[in-house]
Each structure stands twice: as C-alpha cells, then as structure tokens.
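Heads up: the protein sequence lines correspond to chains A and B, in order. When you read off a place in the first sequence, starting at 1, and then add 11, the result is the number in my numbering. When you read off a place in the second sequence, starting at 1, and then add 712, the result is the number in my numbering. In this text, a Cβ means the ideal position worked out from N, Cα and C, and glycines have one as well.
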Amino acid sequence: MDEQRNRLIGALRDIAREDAAASLQPGAALLAEFRAGYRARRLSGVARAIGLAIAATLVVLIGTSLWLAARRLANISDPRLTSTPLGEVTTAFLQLPYGAVPYTTAQIVRLDVPRASMIPFGLITADAAPYIETQTVVAEVLVGEDGLARAVRFVRPAQAPAP
Amino acid sequence: MKQTLLLAAWAMALATGAAAQETRSRGPAAIDFVAVEPPFGPVIRDSPYSGEATTTVTQVLADGTRIERVTVTRVYRDGAGRVRREQTVIGLGGLVPREEELSFVLIVDPVAAVSYTLDPKARTARRAGVPAIAGNRGGSPPPRSAPGARANIMDPLAPPPPPPPPPPGIGEGVNARGRGQSPNPGNVANAPQPLGTRQIEGLEAVGTRRVEVIPVGRIGNDRPIEITDERWESPALSILVQSRHSDPRTGIVEYRLASVSRAEPSHDLFVVPSDYTIIEARNEERR
Chain A
12 MDEQRNRLIG
22 ALRDIAREDA
32 AASLQPGAAL
42 LAEFRAGYRA
52 RRLSGVARAI
62 GLAIAATLVV
72 LIGTSLWLAA
82 RRLANISDPR
92 LTSTPLGEVT
102 TAFLQLPYGA
112 VPYTTAQIVR
122 LDVPRASMIP
132 FGLITADAAP
142 YIETQTVVAE
152 VLVGEDGLAR
162 AVRFVRPAQA
172 PAP
Chain B
713 MKQTLLLAAW
723 AMALATGAAA
733 QETRSRGPAA
743 IDFVAVEPPF
753 GPVIRDSPYS
763 GEATTTVTQV
773 LADGTRIERV
783 TVTRVYRDGA
793 GRVRREQTVI
803 GLGGLVPREE
813 ELSFVLIVDP
823 VAAVSYTLDP
833 KARTARRAGV
843 PAIAGNRGGS
853 PPPRSAPGAR
863 ANIMDPLAPP
873 PPPPPPPPGI
883 GEGVNARGRG
893 QSPNPGNVAN
903 APQPLGTRQI
913 EGLEAVGTRR
923 VEVIPVGRIG
933 NDRPIEITDE
943 RWESPALSIL
953 VQSRHSDPRT
963 GIVEYRLASV
973 SRAEPSHDLF
983 VVPSDYTIIE
993 ARNEERR
C-alpha cells in the first residue's frame, strides 16, 4: 500500500515537473522575443537620431550659407563703402596726420597718387610694393582752408560700359 | 570683423587692379591732379576781399628736433561771390612717397555755375559745374549771415563731408567746424569759450577757444593731454582770420590771414588765361 502510494506521489511529481518545465519555455521564448524586438527598436531609434542630426546639420549649413549670402548682398550698402553719383566706389575717409585740426571750410582735391600710398593705411601689404611701383590710384583729399590735408579716401572708378 | 574683411577685400580688388580700375603706368608713380571740388560752405556776395593766409605747422620732437612747415594761400573774392584760391597743400603724410609740393589754383564762379582748377605747369584748366547761386536764377534769398554781419551769404555749394573717423589714440577732436562736441566720447570737450572781439589785420574778429582733454589712461597717457583750439573769425567777411591749434601729439598749427584788402579784386583773376587748355573734368573722369 505504501509502495503504491509512493509511486503515485512520484508520478504526480514528475507530471508537476513536466508541467512546470512546459510552462516556463513559452515565457522564456516570449521574453527572448521581446528582448530582440526591444533591441531592434532601440537600434532604429539611434539610426533615426543620427539621421535627424545629419538633417539638422544640413539645415544649419544651408541656412548659414543663405544667411552669409544675404549678408554679403547687404554689405553693398555698407556705410564704409559708398557709391558716388558716377558709380564710383570709395573707402571711408581715412585720417591724415592733421585730421584732428578743426576747419571752417574745406574742399575735396582729387588726385592720382601712387598705388603704394595705400600701404601706410593698411589697404595693401608692403609686399606688393615692387609690383605696383608704376601704378596710380585715384584719391580724394579733404583740404581745409589753411591748406592742411585732413583726410583721404580712395576711389575705385566706375566700371566702363560694355562695348 | 565683417567690415574689416570687406575693407580688406575691397583693398585687394584695388591692389590687384580690378577690371574696371584705371591704372596708368608711366614710370615711377607720382602725384597728379585730377580735379578740385569747390570749397564747402556758402557763397558770399557783396563782401569782396583779398589776402594772404599763412599756415605754420610746428612740432618739437622728444629729442629736441624742431620741425616747421609753412604754406601760403592767396585768396581773392569779388562782390559777386567768385573765389580764387592759390593754394599749396601740406600734411599729406604717407599719401606721397616723398615730400612733393601740391599746388593748384582754384576759381569758383557761382554766377556762371562753373569752377576751374588751373594747373600752371601744364597750362590746363579743368572745368566742372557748380550749383548756381539763387541770385543767378533771378531770385534773391535772404542773407544767412550772423547778426551784425554785412556779408550776403547765399545757398551753400555743397554740404560738408562727414568728418573722418578718429583712429584709436589719434585724431580725437575732429569736427568739421570746430564748434561741436568731440566725436570721441572718451574725451572731455568743454563748451567753446568766447574770447570777445579783437582787431586783426584791420578786421573786427570774434574769438572762441575750445579746450578738449584726453583723460589719464585714455591712450595710455599718465597725465591728462590738453588740446586747445583758438579761432578768430570775421563776421563782416565770414572768414577765418586767425587760429591756433595746439595738440601735444601733433604740435602747433597756426593760421593767420594777412595783407587783407577789401577792395574789389581784378576781374582777370577769375578768368582762365587765354593760353590755357580747358578740359571738362567730369568727362575726363569718365574716360
């Protein structure tokens, strides 16, 4: 009787063990499946972030280029570069040694000066001197009633009309 | 930074001789006239005079070296407001490689609405248009002279250009008429101080003194730098008669009008001599 009882208990235990093993396998599979899916989703998120970063970089680059181009166009009206009625372009007035002396009346004297005259004002590097030795540039000098030159600006003549 | 780059680019264009840039090659480059614009300021009629203005620039260097330069300008103005100036320009600094004398004769005829720049060496006269005075168009605008003045001041020929910007540490106090505030906010500019009236060369002149101080440390100076400017102007002729500008950095600039005559100058002074070739200045610039 005892032996029969023990066999029954053993059989029941085996069944219970098998059931437990059977019930565990789908969970692990599901868990593995879930983990794989999560990993895939996580990888696609990183890819998307990288894509977005590249897109954002492109937008910034294009935007900056457009902004710089617009700024360059806006620079045409820079107050330091003015256009005269003749279509000339001039620098701002650059001060000469006695530019600080007040004047009551003044006049503009237009001169051809050696292009090397621009060197002291930093408009041309001194290295260029040998190559521009014989060249001239138009300069407008502001002269007071006392004959003292106050300031100078350099002029780029208007472009010649196309033939 | 942007402006610096822009200026540098512009300068490079000039330096490399942009396509449209006129460049003359004729041996070592020398200074040469192109044109002279009429003086800024009003046309003054019914107040003829002539005189000789002497400008003396004196500078004493730290080692005791004294530099003195003098330039003389002869000025004539007739009753119609025509002006003749025989002038030599100094103070060109680095603009000319060696000290070259720059002299010219300018005739401004607001009645004929024309100006001539005479080059006595080349025997040429460059002609340019100037705005005609209102009187030439049949009108007679009210004089714009100061109270007590007798000169008949007409519409200005042209507005004065903006004063040059002062570079760092140099040029504080630049202003077109010597009466405004310092363009450099770091400096202390006192209000012009009236000096009263004085007889100079037979003319009644009204004086003003302006003092501007560069505070300690503004340009690395260990004590205040005082710049004084004294000017004497004739209300009757609306001209500067005498001035003295003292700046420890650049020296003393003195201007004095002498040999003043209020007689009507000879008409010939305002006419281009017959042996001169007249060149249209604007056409020349456009070539």
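- Task: Count the other CB atoms, across all protein chains shown, that sit within 10 Å of the CB of leucine 19 of chain A; report buried if there are 16 or more and exposed otherwise.
- Result: With fewer than 16 other Cβ atoms inside 10 Å of its own Cβ, leucine 19 of chain A counts as exposed.
- Task: Just the chain B side, please: which residues come within less than 9 Å of alanine 223 of chain A by C-beta, in chain order?
- Result: No answer is possible for residue 223 of chain A: the residues shown for chain A start at 12 and end at 174.
- Message: Strictly under 7 Å for the Cβ-Cβ distance: is histidine 979 of chain B near chain A by that measure?
- Response: So no, histidine 979 of chain B is outside the interface.
- Message: Counting C-beta neighbours from all protein chains within 10 Å, is the total for valine 795 of chain B 16 or more, i.e. buried, or is it exposed?
- Response: Residue environment analysis places valine 795 of chain B among the buried positions, since at least 16 neighbouring C-beta atoms fall within 10 angstroms of its C-beta.
- Item | Reference glycine 803 of chain B, options B:Val823, B:Ser815, B:Asn933, B:Arg789, closest by Cα | With distances taken between Cα atoms, glycine 803 of chain B lies closest to B:Ser815.
- Can you tell me the Cα-Cα spacing of threonine 136 of chain A and isoleucine 130 of chain A, whole angstroms? Between threonine 136 of chain A and isoleucine 130 of chain A, the C-alpha separation is close to 6 Å.
- Task: Classify glycine 919 of chain B as helix, strand or coil using the three-state DSSP reduction.
- Result: Strand.
- Message: Does phenylalanine 816 of chain B come out as helix, strand or coil in the three-state DSSP assignment?
- Response: DSSP, reduced to helix, strand and coil, places phenylalanine 816 of chain B within a strand of the structure shown.
- Message: In whole angstroms, give me the CA-to-CA distance for leucine 105 of chain A and glutamine 118 of chain A.
- Response: A straight-line Cα-Cα distance of about 15 Å links leucine 105 of chain A and glutamine 118 of chain A.
- Query: In whole angstroms, what is the alpha-carbon distance linking valine 112 of chain A and glycine 898 of chain B?
  - Reply: Roughly 18 Å separates the two Cα atoms.
- Message: Quick check: is the beta carbon of threonine 115 of chain A nearer than 7 Å to any beta carbon in chain B?
- Response: Interface residue, yes.
- Query: How would you write the range of the beta strand (DSSP E) that alanine 903 of chain B sits in, first residue to last?
  - Reply: DSSP places alanine 903 of chain B in no beta strand (DSSP E); its state is neither H nor E.
- What are the residues that DSSP puts in a beta bridge with isoleucine 937 of chain B? According to DSSP, which records beta bridges pairwise, isoleucine 937 of chain B is partnered with B:Ile926.
- Task: Would you kindly report the start and end of the unbroken beta strand (DSSP E) that includes leucine 246 of chain A?
- Result: Here chain A comprises residues numbered 12 to 174, so residue 246 of chain A is not present and cannot be evaluated.
- Are the C-beta of glycine 158 of chain A and some C-beta of chain B separated by less than 7 Å? Nearest CB-CB separation between glycine 158 of chain A and chain B: below the 7 Å threshold.
- Message: Using a 10 Å radius around the Cβ and a threshold of 16 neighbouring Cβ atoms, would you call alanine 888 of chain B buried or exposed?
- Response: The predicted position of alanine 888 of chain B is uncertain, since its pLDDT is 43 and thus under 50; a value taken from the coordinates is nonetheless stated next. By the neighbour-count rule (16 or more Cβ atoms within 10 Å), alanine 888 of chain B is buried.
- Query: Any beta-carbon of chain A closer than 7 Å to the one on threonine 785 of chain B?
  - Reply: Yes, because at least one Cβ of chain A sits closer than 7 Å to the Cβ of threonine 785 of chain B.
- Looking only at its own chain, which residues have a Cβ that is under 6 Å from the Cβ of leucine 952 of chain B, when we skip the five neighbours before and after it? Taking leucine 952 of chain B as the centre and dropping the five residues before and after it, the same chain places the C-beta of Glu945 closer than 6 Å to its C-beta, in chain order.
- Run of the beta strand (DSSP E) containing alanine 139 of chain A, from where it starts to where it stops: Per DSSP, alanine 139 of chain A belongs to no beta strand (DSSP E) and is neither H nor E.
- If we ignore side chains and look at the alpha-carbon of each, how far apart do alanine 22 of chain A and alanine 58 of chain A end up? Whole-angstrom Cα-Cα distance: 54 Å.
- How would you list, in chain order, the residues of chain B whose beta-carbon sits under 7 Å from the beta-carbon of valine 112 of chain A? Those are His957, Val965, listed as they occur along chain B.
- Item | Closer than 7 Å at the beta carbon, the chain E residues around glycine 803 of chain B | No chain E is present in this structure, whose protein chains are A and B.
- Query: When DSSP builds the beta bridges, which residues end up paired with serine 958 of chain B?
  - Reply: Answer by DSSP bridge pairing, in chain order: B:Thr940, B:Ile964.
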